[in-house]
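Asks: Residue numbers for the sequence shown follow the numbering used here, so the first one is 18 and each next one is one higher.
Note that the Cβ used here is the ideal one computed from N, Cα and C, for glycine as well.
The following block contains the structure, expressed as structure tokens.
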Amino acid sequence: MECPRCQGSLEELSLGDVSTVSCPHCAFADVPVDHVREEDDPESWRDAFNRFYEANTGGDDVTGGDDVTGGDDVTDG
Ligand SMILES: [Zn+2]
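Listed below in structure tokens is the structure:
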């Protein structure tokens with residue numbers, strides 16, 4: 018097996034069940050992993066918190082509708 022870069026001899030590496038090859042000449046590595054882009058942030062922590070906050074408050078009445086003045090007659094009689 019030859020390196021696609023420099024056509025040198027590749028070294029085979031075994032990582033558990035996964036085996037890959039790397040080139041000791043040009044540092045080429047055929048790593049069989051998914052292409053994970055860290056720049057692709059699906060949701061930030063702030064957005065997640067805001068969504069959680071809006072879900073709990075409902076977004077309608079935040080002041081409430083209860084009478085704080087009370088309705089009991091203290092002047093009974
Ligand atoms: Zn190489």
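What does the alpha-carbon distance come out to for the pair Thr-74 and Glu-60?
Replies: Near 21 Å, if we compare the C-alpha coordinates of Glu-60 and Thr-74.
Asks: Please name the residue, chosen from Ser-39, Val-35, Leu-30 and Glu-71, that lies closest to Gln-24 on a Cα-to-Cα basis.
Replies: It is Ser-39.
Asks: Who sits around ligand 1, taking every residue whose Cβ is closer than 5 Å to one of its heavy atoms?
Replies: So the residues near ligand 1 by this Cβ test are Cys-20, Arg-22, Cys-23, Gly-25, Cys-40, His-42, Cys-43 and Phe-45.
Asks: Which same chain residues, not among the five before or five after Glu-29, have their C-beta less than 7 Å away from its C-beta?
Replies: Once the five neighbours on either side are set aside, the close Cβ partners of Glu-29 are Ser-36 and Val-38.
Asks: Which value, in whole angstroms, describes the spacing of the CA atoms of Phe-45 and Asp-64?
Replies: So the alpha carbons of these two residues sit roughly 39 Å apart.
Asks: Spatial neighbours of Arg-22 within its chain, please: CB distance less than 7 Å, with the 5 preceding and 5 following residues excluded, ordered by chain position.
Replies: Excluding sequence neighbours, Arg-22 sits near Cys-40, Cys-43 and Phe-45.
Asks: Measuring only the C-alpha atoms, how far is Leu-27 from Gly-33?
Replies: Cα-Cα distance, rounded: 19 Å.
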